[in-house]
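One structure is given below, encoded as structure tokens.
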Amino acid sequence: MLTSSAAQAGTATGGEDVNPSDDVPFTVEERTTPSQDGQTWTLSVALDQEALDNGTTLAITTQICLNNGVCDPPTPQEATVSEDGRTYTMDLEPPTDHSYVNWRVKATYDDDSTENFPQGDWYKTWSSCYYSDGSYGGVHADGDGCNVPSSGESEGFLPAPGLMLAVAALTGAAVVAARKP
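Take 487 as the starting number for the sequence shown in our numbering and just add one per residue.
Now the structure itself:
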């Protein structure tokens, strides 16, 4: 089932990621930004020392929202936990035409009480092409839409073998043209 993103999008400024403040029991070690259609998005958070010492554990939930204003339901993620229990890492692959990735962290303390970060909202990573306030933005925005490179496609450059082949063909053509009387 899909839900409307108006509540989440209404509190954010298009293109400006929403990140944790200093008063959370973890730090962001890695976060892919901007997120890109069809490319791996990684989030890695690490417990601060006091939370680790107190036996706190974390759970990460994500929600992907599309440029048409529809959001997927929140999805609990399977995080890989480091051997020392400090770092939680997860990956996902955003679909075509996504606008942003919402994410939040639930801390479970040693007394089994829980707390969500942020409370009642989401942290947000905007995509490389998003629709906000009636227009497209981001590094892959192209007028009235998105021009996001396909998975594995580089941005604006031929792959090295193709480039070498093109240079060799042009060089050969120049040599042949120079030899003709």
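Glycine is no exception: its CB is placed at the ideal position from the N, C-alpha and C atoms.
**Asked** Whose C-beta lies closer than 6 Å to the C-beta of VAL567 among residues of the same chain, with five residues either side of it excluded?
**Response** Numbered from its first residue, the sequence shown carries residue 567 at position 81. Closer than 6 Å at the Cβ level, and outside the excluded window around VAL567, lie TYR574.
**Item:** Alpha-carbon spacing of TYR586 relative to SER521, whole angstroms
**Value:** To locate residue 586, count along the sequence shown from 1; it is residue 100. To locate residue 521, count along the sequence shown from 1; it is residue 35. About 7 Å.
**Request:** Note down, in chain order, each residue of its chain lying with its Cβ closer than 6 Å to the Cβ of GLU502, except the 5 sequence neighbours on either side.
**Result:** Looking up residue 502 in the sequence shown gives position 16. No residues qualify anywhere along the chain.
**Prompt:** If you check the beta carbons only, do THR542 and LEU533 fall under 8 Å apart?
**Reply:** Along the sequence shown, read from residue 1 onward, the residue named residue 542 stands at position 56. Along the sequence shown, read from residue 1 onward, the residue named residue 533 stands at position 47. Yes, the Cβ-Cβ distance between THR542 and LEU533 is below 8 Å.
**Prompt:** For GLU516, which option in PRO580, MET576, GLU569 has the closest C-alpha, if you only look at C-alpha atoms?
**Reply:** Your numbering for residue 516 matches position 30 in the sequence shown. The residue with the shortest Cα to Cα distance from GLU516 is MET576.
**Asked** Is DSSP giving ASP498 helix, strand or coil here?
**Response** Indexing the sequence shown from 1 puts residue 498 at position 12. In the sequence as presented, Asp is not what sits at residue 498; that position holds Ala. Coil at ALA498, not helix or strand.
**Prompt:** What are the residues that DSSP puts in a beta bridge with ASN588?
**Reply:** Along the sequence shown, one-based indexing puts residue 588 at 102. According to DSSP, which records beta bridges pairwise, ASN588 is partnered with GLN549, LYS610.
**Message:** Just verifying my parser: in three-state terms, what is the DSSP assignment at ALA537?
**Reply:** Working through the sequence shown from its first residue, we reach residue 537 at position 51. Reduced to three states, the DSSP call for ALA537 is helix.
**Request:** Apply the 10 Å Cβ neighbour rule to SER613 and answer buried if 16 or more other Cβ atoms are within range, or exposed otherwise.
**Result:** What you label residue 613 is simply residue 127 of the sequence shown in a count that begins at 1. Buried: at least 16 other Cβ atoms inside 10 Å.
**Request:** Within 10 angstroms of the Cβ of PRO581, are there 16 or more other Cβ atoms? Answer buried if so, exposed if not.
**Result:** Indexing the sequence shown from 1 puts residue 581 at position 95. It is exposed - the Cβ of PRO581 has fewer than 16 other Cβ atoms within 10 Å.
**Cutoff 8 Å; reference SER636; Cβ partners in own chain excluding five residues on either side** = As a first step, residue 636 is located in the sequence shown; it is residue number 150 there, counting from the start. The answer, listed in chain order, is GLY524.
**Asked** What is the DSSP secondary structure of VAL625, reduced to helix, strand or coil?
**Response** Start at 1 with the first residue of the sequence shown, and residue 625 comes out as number 139. Looking at VAL625 - three-state DSSP - the assignment turns out to be coil, as it is neither helix nor strand.
**Request:** Could you spell out where the beta strand (DSSP E) holding GLU516 opens and where it closes?
**Result:** To locate residue 516, count along the sequence shown from 1; it is residue 30. Its beta strand (DSSP E) spans residues 512-517.
**Request:** For the stretch 619-633 and the stretch 595-605, state whether three or more C-beta atom pairs, one from each stretch, are separated by less than 8 Å.
**Result:** no
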